[in-house]
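K.L.:
Okay, here's the structure, questions in a sec.
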Amino acid sequence: MPASHLSAAVAPAADDRNINSSVPDSGRCHERTAEHLIRLHGSQSSSYFALQPDCRHFLSPGLGLVPYVPVKVLGQRVNVVPTRPLAGAQSMGRLLQAFEQSVPGPSLYVGVDQSLLGPLGELGYDATVMGTEFSVDLTRFSLRGKAMKQLRHARNLDRRCRIEVREQCGDEVNWHKVAGISERWRLGKAVKERELGLLTRPPVFADEWGVRKFYAYVEGELAGYVFFDPWYRHHELAGYCANILRASPEMNRLGVLDHIILQAASQFREEGVPELSLGIAPLHGVRHCPGDRPGLRRLQNILYRYGNRLYAFQPLAYHKSRYRGRETPWFVCARELGSTRLVATLMKGTGLLALP
């Protein structure tokens, strides 16, 4: 079936910071179309990343949708696909081929799971581990045992202060205070002036379909919040991913974010939600896999060990590992890019570095 760059209704891209406007653009499909495809084919915990503001959408009717972010580094455009494309297993190869033939520039697939390695391998792509997703089976999750002592301490935060966790809709929230906590949160990070993207979805301070938003209040004052993105299998809810975690500095030190996650996890379990993802820990667990790039693997391990002033790679991985969940490798897949340009593209695309 012929591919179309646009769905029945297309809005212009929300942010053009990464690419010159003269480059052909496939736009964004209507939100209802994206929602339908995420519910049908959004089986990776990061599938909602297809809706991050920088994403364009390549839509092939009857096959599926490829979300991608055009990133221009040193004069070359690269189409960065930040999650598994929204398609069924039988259609994935044809969708990828149509995307490659229709959208100008080389492509780079990042943060994708193992299910995509076969279809990409048939197109000549190699795959290198780029990080580890941590997830929890809510039907079996328990805080028993010595290894869970820190999480038990966080769960019992309500015994040490007057804290209340609420799931709230937009009209119940003071968005000015929510944004204020986010700004203070970023001031403690290496990248202070902008939100990161690609391997995370920037926060949206409004209601979003399917997204669950939990807020912690201490003596009536907002102290922190966690936003959970859904993912699906054939229109059935498969789980939630803790995507946005923000807290005031003083409450963050007391474990308020873990307290929110644990309260939300308890509610999800009561609702019958099977799984909770804590998201990817970039560069954690990078190891050999057949056909990978040894140079890229070594470079990632160096960044993981020495690059924590740029991004908190090791502290983030440690925080997620305390939940003692399942660890699943995610991959970066490339074909026409050298490893140096690949890393430069990711550094610019994620917002970690401001490159020309």
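With the UniProt record's numbering as the guide, the letters of the sequence shown map in order to residues 1 to 356. Every residue gets a Cβ at the ideal spot worked out from N, C-alpha and C, and that includes glycine.
For Ala-312, report the span of its beta strand (DSSP E) as first-last.
P.N.:
Position 312 of the sequence shown, counted from the first residue, corresponds to residue 312. Careful: Ala-312 lies outside any beta strand (DSSP E) and carries neither H nor E.
K.L.:
Determine the burial state of Lys-189: buried for a count of at least 16 other Cβ atoms within 10 Å of its Cβ, exposed for fewer.
P.N.:
Here the question's residue 189 lines up with position 189 in the sequence shown. Looking at its Cβ environment, which holds fewer than 16 other Cβ atoms inside 10 Å, Lys-189 is exposed.
K.L.:
How many Å lie between Ala-344 and Gly-220 at the Cα?
P.N.:
For this step, residue 344 is matched to residue 344 along the sequence shown. For this step, residue 220 is matched to residue 220 along the sequence shown. Approximately 44 Å, taken between the alpha carbons.
K.L.:
Since Thr-128 sits in a beta bridge, which residues does DSSP pair it with?
P.N.:
On the sequence shown, residue 128 is found 128 positions in, with the first residue counted as 1. Thr-128 pairs with Val-332.
K.L.:
Excluding the 5 residues preceding and the 5 following residue 395 in the sequence, name in chain order all residues of the same chain whose CB lies nearer than 8 Å to its CB.
P.N.:
Within the shown structure, residues of the chain are numbered from 1 to 356, placing residue 395 beyond reach of any answer.
K.L.:
Spatial neighbours of His-284 within its chain, please: C-beta separation below 6 Å, excluding the five flanking residues on both sides.
P.N.:
Taking the sequence shown and counting its residues from 1, one reaches residue 284 at position 284. These residues qualify, in order along the chain: Gly-131, Thr-132, Ala-317.
K.L.:
Give me the DSSP bridge partner(s) of Gln-76.
P.N.:
Taking the first residue of the sequence shown as position 1, residue 76 is located at position 76. Paired residue(s): Val-73.
K.L.:
Between the segment 77-94 and the segment 172-179, do three or more beta carbon pairs fall short of 8 Å?
P.N.:
Flag = no, the segment 77-94 and the segment 172-179 do not touch.
K.L.:
According to DSSP, what are the bridge partners of Glu-271?
P.N.:
As a position in the sequence shown, residue 271 is number 271, starting the count at 1. For Glu-271, which the question treats as bridged, DSSP gives no partner whatsoever.
K.L.:
What did DSSP end up calling Trp-209 once you bin it into helix, strand or coil?
P.N.:
Here residue 209 is taken as the residue at index 209 of the sequence shown, counted from 1. Note: Trp-209 maps to coil in three-state DSSP.
K.L.:
Mind listing, in chain order, the continuous alpha helix (DSSP H) runs of no fewer than 4 residues lying wholly within the segment 151-194?
P.N.:
Counting only runs of 4+ residues, the alpha helix (DSSP H) found wholly inside the segment 151-194 occupies 175-187, in chain order.
K.L.:
Is the segment 226-234 in contact with the segment 120-129, if contact means three or more CB pairs nearer than 8 Å?
P.N.:
Output reads no: the segment 120-129 does not touch the segment 226-234.
K.L.:
Is the beta carbon of Ser-102 less than 8 Å from the beta carbon of Asn-79?
P.N.:
Looking up residue 102 in the sequence shown gives position 102. Looking up residue 79 in the sequence shown gives position 79. Contact flag unset, no.
K.L.:
Near Ser-45, which residues of its chain fall below 6 Å by C-beta distance, leaving aside the five closest residues on each side in sequence?
P.N.:
Locating residue 45 in the sequence shown gives position 45, where the first residue counts as 1. Trp-231, Cys-241, Ser-277.
K.L.:
Give me the residue from Gly-325, Glu-327, Gly-210 with the minimum Cα distance to Gly-42.
P.N.:
Here residue 42 refers to the residue found at position 42 of the sequence shown. Checking every option, the nearest Cα to that of Gly-42 belongs to Gly-210.
K.L.:
Can we say the segment 244-259 touches the segment 50-66, given the rule of at least three CB pairs closer than 8 Å?
P.N.:
no
K.L.:
Considering only residues of the same chain and omitting the five flanking positions on each side of Lys-348, which have a CB-CB separation below 6 Å?
P.N.:
For the purposes of this step, residue 348 is taken as residue 348 along the sequence shown, with counting starting at 1. Val-71, Val-73, Leu-355, listed in sequence order.
K.L.:
What do you get for Asn-156, buried or exposed, if any count of 16 or more other CB atoms within 10 angstroms of its CB means buried?
P.N.:
The residue you call residue 156 lines up with position 156 of the sequence shown. Answer is exposed; the Cβ neighbour count stays below 16.
K.L.:
Rounding to the nearest angstrom, what Cα-Cα distance links Ala-312 and Phe-214 in this structure?
P.N.:
Working through the sequence shown from its first residue, we reach residue 312 at position 312. Working through the sequence shown from its first residue, we reach residue 214 at position 214. For Ala-312 and Phe-214, the distance between alpha carbons rounds to 24 Å.
K.L.:
Which word fits Lys-320, buried or exposed, when buried means at least 16 other C-beta atoms lie within 10 angstroms of its C-beta?
P.N.:
Looking up residue 320 in the sequence shown gives position 320. With a 10 Å radius around the Cβ and a threshold of 16 neighbouring Cβ atoms, Lys-320 comes out buried.
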